[in-house]
Amino acid sequence: MGILNLLKNIFKEAEEKEPKRIKVNLSEIKPILDKNKEKIQEREDSIISLIKTNIDSFSKDIQEKVEIVEKVDIESKEKNNKIKAIVYEGRKKYIEFIERLMDNLEEHKNIDNFQEIIENINYSFSKFNESSMKSYERATVLIGKEMGAIKESLKKFSKEILEIYNENKNIISEKKSILFSESKLNENLEIQDKLNKIDEESNELKTKIKEKENILNEKLTILNKIKNSEEYIKNIQLKESIIIKEEEIKNQISQLRQDIDFKSLSSFFHIFPEKMNYIKRYKESFLLEFKEDRGKSLVNLLNEAGLNNDKISEQIKNISMKEEILEKQKKEIKEDPTNLVSSEIETLKENIKNWNDELDWIEKRTEKLKEDEKRNTQKIKEEFKKINIDIEEKDNFKQI
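Counting in the numbering used here, the sequence shown runs from 4 upward without gaps.
Set out below in structure tokens:
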């Protein structure tokens, strides 16, 4: 138990002192994490070193006791051969289990993690106890005292390891808190990097939007200037006048259709398929057919059938004259100078809209990252409370 007492002395001061809660600024947690991580690692190294020393001492002690068991003369015992054979076999098997246990413990000395080495030792002892029980019982029939000495050594070692664990198990939780906090802090650092990059992207987009908005305003000014120019206004007025006249001509053509006696016309040409085809087309699509030749074919049919009159002739003549004038006016229409500028304006608006949509997405992404950062910070605070450190997002707190 001397080694165990040494461990107690190493941590005596820490055990006797009442833990004090310390307040620190959020910005100070990285060096605190590193410092506590280093302290815990030092403690863990000391404890693992102690465990390894105990394994060495136990190995030496158990080897001496195994040699004593091996030297016991079973043949000299006053028992029948069957019992002696059972004891022989029990001793042999038990020693094999002991050797396997010691080999496992020797392997465990390569472990540098407190929790892991404890768990492995515990597992090895559990397997040993489970598998060696029958062999132990058989061997103790004739060599109980010597076998009992081995069992006492096993108990003593197990007790020492258990005491080491119980007195230092807080290291496991503290280490988990530190490592967990460290991982969350690293996540926050990554989040900060992402936020910085996003901020750069956002600023670049805002600059682009501003530039395009300036260009857009210039284009709108140009467009407005064009639309207010005398030439543009005259061109628009001409277009509107043409539309009105086209509607008037359309109405006149509709009126003309009503004045034509298609029934009599069909009756006159009913035996002439080609003529009837013309008449049918005029009846079904009068406006379209009339515009094809300005009514020339219709006039010929009416004259041939003797159905033409002054009213119809005057209507057709008037319509044709108006259409000729209209055609001349259409040629006077100039290409709309606003088309190119309007197209550029639409492209600019689309670009600005897309970039604003991207800014909206960036804003949502930023909010999500900040929520993650806040959540991580809260988890770090909770873990630090476990090691008596209160983190607050202020400037004036005691430093460690």
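A virtual CB, placed ideally from N, CA and C, is assigned to each residue, including glycine.
Between ASN354, GLU177 and PHE289, which lies nearest to LYS213 when the distance is taken from Cα to Cα?
Nearest neighbour of LYS213 by Cα position, chosen from ASN354, GLU177 and PHE289, turns out to be ASN354.
Per DSSP, which residues does ILE392 bridge with? Please list them.
DSSP output for ILE392 lists ILE25 as bridge partner(s).
Rounded straight-line distance, which links the Cα of ARG94 to that of GLU122
GLU122 and ARG94: Cα-Cα distance of roughly 28 angstroms.
Reference SER345; option with closest CA among ASN199, SER267, ASN220 and ILE50
Closest option to SER345, Cα to Cα, is ASN220.
Whole-angstrom distance between LEU241 and GLU216, CA atom to CA atom:
Whole-angstrom Cα-Cα distance: 34 angstroms.
Do you know how far the Cα of ILE245 is from the Cα of LYS334?
Spanning the two alpha carbons is a distance of roughly 11 angstroms.
Measure the C-alpha to C-alpha separation of ASN132 and ILE194 and round it to an integer number of angstroms.
It is roughly 51 angstroms from the alpha-carbon of ASN132 to the alpha-carbon of ILE194.
Where in the region 280 to 320 do unbroken runs of the alpha helix (DSSP H), each at least 4 residues long, occur, reported from the N-terminal end onward?
Runs of the alpha helix (DSSP H) inside the region 280 to 320: 289 to 296 and 299 to 308.
Cβ neighbour criterion (16 or more within 10 Å) applied to LYS337
Looking at its Cβ environment, which holds fewer than 16 other Cβ atoms inside 10 Å, LYS337 is exposed.
For PRO34, report the span of its alpha helix (DSSP H) as first-last.
PRO34 -> alpha helix (DSSP H) spans 32 to 74.
Does the Cβ-Cβ distance between ILE174 and ILE394 come in under 9 angstroms?
Contact annotation: ILE174 and ILE394 have beta-carbon atoms that are not nearer than 9 angstroms.
Are ILE153 and VAL72 closer than 9 angstroms when you measure CB to CB?
In terms of Cβ geometry, ILE153 and VAL72 form a close pair [threshold 9 angstroms].
From PHE387 to ASP115, what does the alpha carbon distance come to, in whole angstroms?
Rounded to whole angstroms, PHE387 to ASP115 spans 24 angstroms at the Cα level.
Return the first residue and the last residue of the alpha helix (DSSP H) that GLU177 is part of.
That run of the alpha helix (DSSP H) goes 173 to 230.
Following the continuous alpha helix (DSSP H) through ILE274, name the residue where it begins and the one where it ends.
Run containing ILE274: none; DSSP gives neither H nor E here.
Report yes if the C-beta distance between LEU362 and SER186 is below 9 angstroms; otherwise report no.
No.
Just the C-alpha distance for LEU259 and LEU351, rounded to the nearest angstrom, thanks.
Distance between LEU259 and LEU351, taken at the CA atoms: about 50 angstroms.
DSSP three-state label for GLU92, please.
Of the three classes helix, strand and coil, the one that applies to GLU92 here is helix, per DSSP.
Nearest-angstrom Cβ-Cβ length linking ASP262 and LYS314, presumed shorter than 8 angstroms:
Indeed they touch by this definition, with Cβ atoms about 7 angstroms apart.
Between the CA atoms of GLU326 and SER257 - distance to the nearest angstrom
When rounded, the distance between both Cα atoms is 15 angstroms.
Rounded straight-line distance, which links the Cα of LYS159 to that of ILE383
So the two alpha carbons sit approximately 40 angstroms from each other.
Can at least three beta-carbon pairs, one atom from the region 265 to 274 and one from the region 289 to 308, be found at a separation below 8 angstroms?
When C-beta atoms of the region 265 to 274 are compared with those of the region 289 to 308, three or more pairs fall below 8 angstroms, so the two segments count as touching.
Report the option in ILE35, ILE236, ILE167 and SER129 whose CA atom is closest to the CA atom of THR341.
Closest option to THR341, judged by alpha-carbon separation, among ILE35, ILE236, ILE167 and SER129: ILE236.
Three-state secondary structure (DSSP) of ASP339:
Correct three-state label for ASP339: coil.
Would you be able to state if there are at least three C-beta pairs under 8 angstroms between the region 160 to 170 and the region 50 to 66?
Touching, yes, given that three or more Cβ pairs across the two stretches are closer than 8 angstroms.
Can you tell me whether DSSP reads GLU163 as helix, strand or coil?
The answer is helix: DSSP assigns GLU163 an H, G or I state.
In the structure shown, what three-state DSSP assignment does GLU234 receive?
Looking at GLU234 - three-state DSSP - the assignment turns out to be helix.
Assigned exposure category for ALA142 - 16 Cβ within 10 Å defines buried:
Around the beta carbon of ALA142, 16 or more other beta carbons sit within 10 angstroms, so the residue counts as buried.
Among ARG103, PHE117 and LYS148, which one has its Cα closest to the Cα of ILE127?
It is worth fixing the name first, because residue 127 is Ser in this sequence and not Ile. Comparing alpha-carbon positions, the option among ARG103, PHE117 and LYS148 lying closest to SER127 turns out to be ARG103.
Same chain, Cβ closer than 8 angstroms to SER316, five either side skipped, listed in chain order
Non-local beta-carbon contacts of SER316 in its own chain, meaning distances under 8 angstroms to residues more than five positions away in sequence, involve VAL302 in chain order.
Nearest CA to the CA of ASP106: which residue from VAL144, ALA88 and LYS63?
Sorting VAL144, ALA88 and LYS63 by C-alpha distance to the C-alpha of ASP106 places LYS63 at the top.
Here's the rule: buried if 16 or more other CB atoms are within 10 angstroms of the residue's CB, otherwise exposed. What is GLY298?
GLY298 is classed as buried because its beta carbon has at least 16 other beta carbons within 10 Å across all chains shown.
Tell whether a beta-carbon distance below 9 angstroms holds between ILE98 and LEU145.
Their beta carbons are not under 9 angstroms apart, which means ILE98 does not touch LEU145 by this criterion.
Look at LEU36 and LEU188 and say whether their C-beta atoms are less than 9 angstroms apart.
Yes, Cβ-Cβ distance for LEU36 and LEU188 is below 9 angstroms.
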